[in-house]
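Q: For the protein sequence lines, the chains are A and B, in the order given. At position 442 of the first sequence (counting the first as 1) the number is 442 in this note's numbering, and the numbers step up by one without a gap. Take any residue in the second sequence, note its place counting from 1, add 1000, and you have its number in this note's numbering.
Protein chains: 2
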Amino acid sequence: MTENGVLSRDKVLTIDTMNPTVKNVEYAVRGPIVQRAMQVEKELREGVKKPFTEVIKANIGDAHAMGQKPITFFRQVLALCSYPELLNENMFPEDAKNRARRILQACGGSSVGAYSASQGIDCVRQDVARYIERRDGGVPCDPDNVYLTTGASDGIVTMLKLLVCGEGASRTGVMISIPQYPLYSAALAELGAVQVNYYLNEEKCWSMDLSELERSLAEARKHCNPKALCIINPGNPTGQVQSRQCIEDVIRFAAKERLFLMADEVYQDNVYAEGCQFHSFKKVLFELGPEYSDNVELASFHSTSKCYMGECGFRGGYMEVINMDPEVQAQLSKLVSVRLCPPVPGQVLMDLVVNSPQPGEPSYTTFMKERTATLSLLAEKAKLTEQILNTVPGITCNPVQGAMYSFPNISLPEKSIKEAKALGQAPDMFYCMKLLEETGICLVPGSGFGQKDGTYHFRMTILPPTDKLKILLAKVKEFHQKFTQQYS
Amino acid sequence: MTENGVLSRDKVLTIDTMNPTVKNVEYAVRGPIVQRAMQVEKELREGVKKPFTEVIKANIGDAHAMGQKPITFFRQVLALCSYPELLNENMFPEDAKNRARRILQACGGSSVGAYSASQGIDCVRQDVARYIERRDGGVPCDPDNVYLTTGASDGIVTMLKLLVCGEGASRTGVMISIPQYPLYSAALAELGAVQVNYYLNEEKCWSMDLSELERSLAEARKHCNPKALCIINPGNPTGQVQSRQCIEDVIRFAAKERLFLMADEVYQDNVYAEGCQFHSFKKVLFELGPEYSDNVELASFHSTSKCYMGECGFRGGYMEVINMDPEVQAQLSKLVSVRLCPPVPGQVLMDLVVNSPQPGEPSYTTFMKERTATLSLLAEKAKLTEQILNTVPGITCNPVQGAMYSFPNISLPEKSIKEAKALGQAPDMFYCMKLLEETGICLVPGSGFGQKDGTYHFRMTILPPTDKLKILLAKVKEFHQKFTQQYS
Ligand SMILES: Cc1ncc(COP(=O)(O)O)c(C=O)c1O
Ligand SMILES: Cc1ncc(COP(=O)(O)O)c(C=O)c1O
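1. Any residues in the region 19-31 of chain A with a beta carbon nearer than 9 Å to a beta carbon of chain B? Which ones, in chain order?
2. Rounded to the nearest angstrom, what separates H457 (chain A) and T238 (chain A) at their Cα positions?
3. Confirm, please, whether the CB-CB distance from G1173 (chain B) to C1224 (chain B) is below 8 Å.
4. Would you check if the distance between the CB atom of Q242 (chain A) and the CB atom of N398 (chain A) is smaller than 8 Å?
5. With a cut-off of 8 Å, does the C-beta of P343 (chain A) fall near any C-beta of chain B?
6. Quick check on the burial criterion: 16 or more other C-beta atoms within 10 angstroms. Buried or exposed for E386 (chain A)?
7. List the residues of chain B that R221 (chain A) touches, going by C-beta distances under 7 Å, in chain order.
8. Excluding sequence positions up to five away, which residues of its chain have a Cβ less than 7 Å from the Cβ of A1254 (chain B)?
9. Under 8 Å, CB to CB, which of the residues in the region 272-286 of chain A have a partner in chain B?
10. Candidates A:M159, A:E265 and A:N24: which alpha carbon is nearest M324 (chain A)'s?
11. Among B:A1403, B:Q1401 and B:P1445, whose alpha-carbon lies nearest the alpha-carbon of I1410 (chain B)?
12. So D62 (chain A) contacts chain B; which residues on that side make the cut at Cβ distance below 7 Å?
13. Taking the straight line between their C-alpha atoms, what separation do you get for N1197 (chain B) and Y1181 (chain B)?
14. Count the other CB atoms, across all protein chains shown, that sit within 10 Å of the CB of D467 (chain A); report buried if there are 16 or more and exposed otherwise.
15. Could you say if the region 40-47 of chain A and the region 1017-1035 of chain B meet the contact criterion of at least three C-beta pairs nearer than 8 Å?
16. Could you have a look at M309 (chain A) and say whether DSSP puts it in helix, strand or coil?
17. M368 (chain A): buried (16+ other C-beta within 10 angstroms of its C-beta) or exposed?
18. Is T2 (chain A) helix, strand or coil when you go by DSSP?
19. Is the beta carbon of T1439 (chain B) sitting closer than 8 Å to the one on F1092 (chain B)?
20. Please compile the residues from chain D whose C-beta is within a distance smaller than 8 Å of the C-beta of P1070 (chain B).
21. At 4 residues or longer, what runs of the alpha helix (DSSP H) sit wholly inside the region 1116-1158 of chain B?
22. From G454 (chain A) to L200 (chain A), what distance separates their C-alpha atoms?
23. Let me check one thing: in DSSP terms, what residues is P445 (chain A) bridge-paired to?
24. What residue range is occupied by the uninterrupted beta strand (DSSP E) comprising F260 (chain A)?
25. How close, in whole Å, do the beta carbons of Y115 (chain A) and A1065 (chain B) come, if the pair is a contact with beta carbons under 8 Å?
26. Quick check on the burial criterion: 16 or more other C-beta atoms within 10 angstroms. Buried or exposed for Q1268 (chain B)?
27. Beta carbons nearer than 8 Å to chain A: which residues of the region 1331-1365 of chain B have them?
28. Keeping to the same chain, check which residues put their C-beta closer than 8 Å to that of E419 (chain A); ignore five residues upstream and five downstream.
29. For a test of your reading of the model: does the CB of N236 (chain A) fall under 7 Å from any non-hydrogen atom of ligand 1? Yes or no.
30. Can you pull the chain A neighbours of I1178 (chain B), defined as C-beta to C-beta under 8 Å?
31. Helix, strand or coil, according to DSSP, for Y431 (chain A) in the structure here?
32. For the region 1423-1451 of chain B, enumerate the residues whose C-beta is nearer than 9 Å to any C-beta of chain A, in chain order.
33. On a CA-only basis, which of A:E133, A:C432 and A:M404 is nearest L412 (chain A)? Give me that one, please.
34. Mind pulling the alpha helix (DSSP H) runs of 4 or more residues that sit fully within the region 269-295 of chain A?
35. Less than 7 Å between the CB of Y1181 (chain B) and some heavy atom of ligand 2, yes or no?
36. Should C1141 (chain B) be flagged as near chain A, meaning a C-beta pair shorter than 8 Å?
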């Protein structure tokens, strides 16, 4: 008690009184290893001696941070929209100016500083719809089913929020791939849903297996109410591109088992391997005919953060919903209105992605050159990563068919596993921490994404510039050999 | 059953199977009246005859949409950051270029397209901390306690998410003012928390009343676990500016009753009335001495959307947490990492707001001129609104001391109340709908914000350009008189 009668008291909000579902949230991509990497960088700057001179980060799919350059046309339009006085200058191509004028006209008060409609700017949603139609060979898309989002993350969490409810044995279950992108497990933990794991088949290049889906669902039905099935294609962290057949199987499965499909297609342009092609869930759904296309409920997600643009900081994205119950869709529209609107610069960027320069327009050639160069370089680095990793005894790496990651299997010596467990660490976390301390390379352990019990992996992005990527791979190789020796 | 064995089936996700907490969400600012206004606009464009030629929207605090111009300096820096090639041009002042260079240097790969740290760009958080220190007369601010957000909305919802838990009588209660900004009720509904109402005192210009806080809390303690107290100052929808004394009372109350304080201070520059001044909760907290400043937990929120900048579309904002339990704060940092980062252009804008041009810098004069002009115009319109509304018999309007809204009390004839109720409508919704259909003016009924039973209000923004605002006020006056006659 102080003299004023105010207690020197405990906090209102403590680890014991706070929302327990938040405590269950984990997000490895920005977890302990990344925090340690930032410390190490700081120590290096402060002159602490290390067996390396720089930290190389391959922990996050953040292309610009790794030196990828933005698409000139996109940034020109963004500058014009931000400061429309530039429309009077001669330095910008006419097509960039036209795009900017069109977008500004669709903004309240002709300003990107006005709130947009909560679902997104009308003309942007129309452009998204036309893009989807072109991409899917003419399958119709209604702009009213398109919602612009704050990155794909926002769309995914919003959809899950609509789906999840119930308690005990009727709690909503959501099927997610293992390995998965940890946004899914984090969102499900926060919402108090049951995470229902289905394993991707590492032996078959991380493809989806009908029998595994069936096993997983049957298991889940014993203790929860599975309502949705999430797919990431091309895959993060696993870098696979699912075949058309596989997607067809999944859709038939979802139809038969009455599951809402969520297709995370943020890497739709990131396909590198020969013979691989991106098939959108929506397109395949419509190809299966009206008994599917009129019934199966699907939400699909796209983003400005990945593909050839890599514009993560703008937090642009969209979601398309198909066959959603109109009453539910009204609830969705209401729900998104509470947050007012997605960031307008991100909406502008999304518009440019779906409505890029066309043949004959002044910016077309440069745009195509930049786009192709970025995607070719990624394809090269995908190949390089797979090849070098597979030369390391004890590392097995599936082809990086798409996305921006490889997720190699690493054999860890028994002794290292024991030592990790004694420290209360996942064995691949122990491995990645040691890798960081000894080489300055920052990767994320497989345990952050989920993996079959008894298997170990790490995820590395293919994004570092080629010279750095080569150093990184050489260091990983050397480290793995040393580590294996040390613990054998 | 179709031939393929697939049932033409009900949806997986229906209004009955969806998350029931989402159904409880309401958000009047973008509710039915606004949707109808958009239809009416469409009808006008299509040539439908109406007793008016345009819809005047005073439903939402969206300054640019109402014709307010952005601050030139802010937009120059944004353009430079979006398209750094502009740094080589002579058309931008040196201080704009310097700001852009400094921000770009703090971005991954020198690109605003890279993800930032989840808590926000380091140098922006530092600038925010220095701004808070200046604003609060030197009270220290640790940048580690500053979190950049996706608009203030995001910060508010994130804080509520940390706070809310429990079931039945131990469910978390959160005290909010009535009338309130409906983000609060919507977020509480979604989180399944108990909304604990305390009424602002309309007779005393919407001030907070200690006895009312005590009544509300005592009442709430009978059926839930009240943990937090939210204050909006300057107020939305009520336009009041709380006195220093009042803030002091609230802090002492929170300390005594062990409540976590949430101070929504997004209108901190929007103070117009003579004798009124903005006092931040943090400053007053520290002035009360260490028994308060070392103990009371406080989160305060700011935004790029309001004040003189009105940059809503960028979704910039920050939150500062004070006396937060370090374990909880670690959970907060983890939680925000799941969404990766707030939009970087919004962070840039927030930085410019807290680090605006200084005396001696080339952009200072123009900046100050623009800022002052905007705020003076708002002050004028605040006065005008109050004055004209108070000339209408049956309308009583408190002074618009701050923010961007007036929330006048309207007397509605008994007959109109009966007719509304017969239609299942709130009486002031009935009134506002009629106003829209007859005059083209779009306001939000008081029932969307909450009000004392048996009282009726509408909220109107003071944002329309002066000429439009005058028309609007004249039309409201005429309508109110006609309406009163019609139903008497
Ligand atoms: C599979 C997948 N989905 C969604 C996201 C979220 O991306 P954003 O929110 O930046 O659009 C990511 C980011 O890495 C991802 O890999
Ligand atoms: C009191 C109050 N708080 C928060 C917000 C949210 O603003 P934003 O998310 O655009 O920063 C608003 C918007 O009108 C508001 O009036």
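The beta carbon of each residue, even a glycine, is placed where N, CA and C say it ideally should be.
A: Taking the structure as given:
1. N19, P20, T21, V22, K23, V25, E26, Y27, V29, R30 and G31
2. The residue you call residue 457 (chain A) lines up with position 457 of the first sequence. The residue you call residue 238 (chain A) lines up with position 238 of the first sequence. Rounded to whole angstroms, H457 (chain A) to T238 (chain A) spans 10 Å at the Cα level.
3. In the second sequence, the residue the question calls residue 1224 (chain B) occupies position 224. In the second sequence, the residue the question calls residue 1173 (chain B) occupies position 173. Their beta carbons are under 8 Å apart, which means C1224 (chain B) touches G1173 (chain B) by this criterion.
4. Residue 242 (chain A) sits at position 242 when you count from the first residue of the first sequence. Residue 398 (chain A) sits at position 398 when you count from the first residue of the first sequence. Going by C-beta atoms, Q242 (chain A) is not nearer than 8 Å to N398 (chain A).
5. For the purposes of this step, residue 343 (chain A) is taken as residue 343 along the first sequence, with counting starting at 1. Yes, its Cβ sits closer than 8 Å to a Cβ of chain B.
6. Reading the first sequence from its first residue, position 386 is the one you call residue 386 (chain A). Per the 10 Å Cβ criterion, buried.
7. As a first step, residue 221 (chain A) must be located in the first sequence, where it is residue number 221. Within 7 Å Cβ-Cβ: nothing; R221 (chain A) doesn't reach chain B, min ~14 Å.
8. In the second sequence, counting from the first residue as 1, residue 1254 (chain B) sits at position 254. L1229, L1261 and V1296.
9. none
10. The sequence position of residue 324 (chain A) within the first sequence is 324, counting from 1. Of the candidates A:M159, A:E265 and A:N24, the one whose C-alpha sits nearest the C-alpha of M324 (chain A) is A:M159.
11. Taking the first residue of the second sequence as position 1, residue 1410 (chain B) is located at position 410. Answer by Cα proximity: B:P1445.
12. Counting from 1 along the first sequence, the entry for residue 62 (chain A) is found at position 62. Correct list: G1108, A1114 and Y1115.
13. Taking the second sequence and counting its residues from 1, the one referred to as residue 1197 (chain B) is at position 197. Taking the second sequence and counting its residues from 1, the one referred to as residue 1181 (chain B) is at position 181. Those two C-alpha atoms are separated by around 12 Å.
14. Position 467 of the first sequence holds residue 467 (chain A). By the neighbour-count rule (16 or more Cβ atoms within 10 Å), D467 (chain A) is not buried but exposed.
15. no
16. Within the first sequence, numbered from 1, the residue matching residue 309 (chain A) stands at position 309. DSSP places M309 (chain A) in coil when its eight states are reduced to three.
17. As a working note, residue 368 (chain A) is residue 368 in the first sequence. The residue in question, M368 (chain A), is exposed, as its Cβ has fewer than 16 Cβ neighbours within 10 Å.
18. Taking the first residue of the first sequence as position 1, residue 2 (chain A) is located at position 2. The predicted model places T2 (chain A) with a pLDDT of 40, which falls under 50 and marks its position as unreliable; any figure quoted below should be read in that light. Three-state result, T2 (chain A): coil.
19. Here residue 1439 (chain B) refers to the residue found at position 439 of the second sequence. Here residue 1092 (chain B) refers to the residue found at position 92 of the second sequence. The answer is no: Cβ separation not under 8 Å.
20. Of the protein chains in the structure, A and B, none is chain D.
21. 1122-1135
22. One-based indexing of the first sequence puts residue 454 (chain A) at position 454. One-based indexing of the first sequence puts residue 200 (chain A) at position 200. Looking at the two C-alpha atoms, the distance is approximately 15 Å.
23. For this step, residue 445 (chain A) is matched to residue 445 along the first sequence. DSSP, once it has assigned bridges, lists A:F458 as partnering P445 (chain A).
24. In the first sequence, the residue the question calls residue 260 (chain A) occupies position 260. Run containing F260 (chain A): F260 to D264, per the beta strand (DSSP E) assignment.
25. Looking up residue 115 (chain A) in the first sequence gives position 115. Looking up residue 1065 (chain B) in the second sequence gives position 65. That belief holds up - the Cβ atoms of Y115 (chain A) and A1065 (chain B) are roughly 7 Å apart, short of 8 Å.
26. If you number the second sequence from 1, residue 1268 (chain B) lands on position 268. Its Cβ being crowded by 16 or more others within 10 Å, Q1268 (chain B) is buried.
27. Q1331, K1334, L1335, S1337, V1338, R1339, L1340, C1341, P1342, P1343, V1344, P1345 and G1346
28. Your numbering for residue 419 (chain A) matches position 419 in the first sequence. If we look at E419 (chain A) and ignore the five residues flanking it on each side, its Cβ neighbours are F430 and Y487.
29. Within the first sequence, the letter at position 236 stands for residue 236 (chain A). Yes, ligand 1 has a heavy atom inside 7 Å of this Cβ.
30. Here residue 1178 (chain B) refers to the residue found at position 178 when the second sequence is read from its first residue. None at all; the shortest Cβ gap to chain A is about 18 Å.
31. For this step, residue 431 (chain A) is matched to residue 431 along the first sequence. The answer is helix: DSSP assigns Y431 (chain A) an H, G or I state.
32. none
33. One-based indexing of the first sequence puts residue 412 (chain A) at position 412. That would be A:C432, whose Cα lies nearest to the Cα of L412 (chain A).
34. 281-287 and 290-293
35. Taking the second sequence and counting its residues from 1, one reaches residue 1181 (chain B) at position 181. Indeed, a heavy atom of ligand 2 lies less than 7 Å from the Cβ.
36. Sequence index remark: in the second sequence, residue 1141 (chain B) carries index 141 (1-based). With 8 Å as the cut-off, C1141 (chain B) does not count as an interface residue toward chain A.
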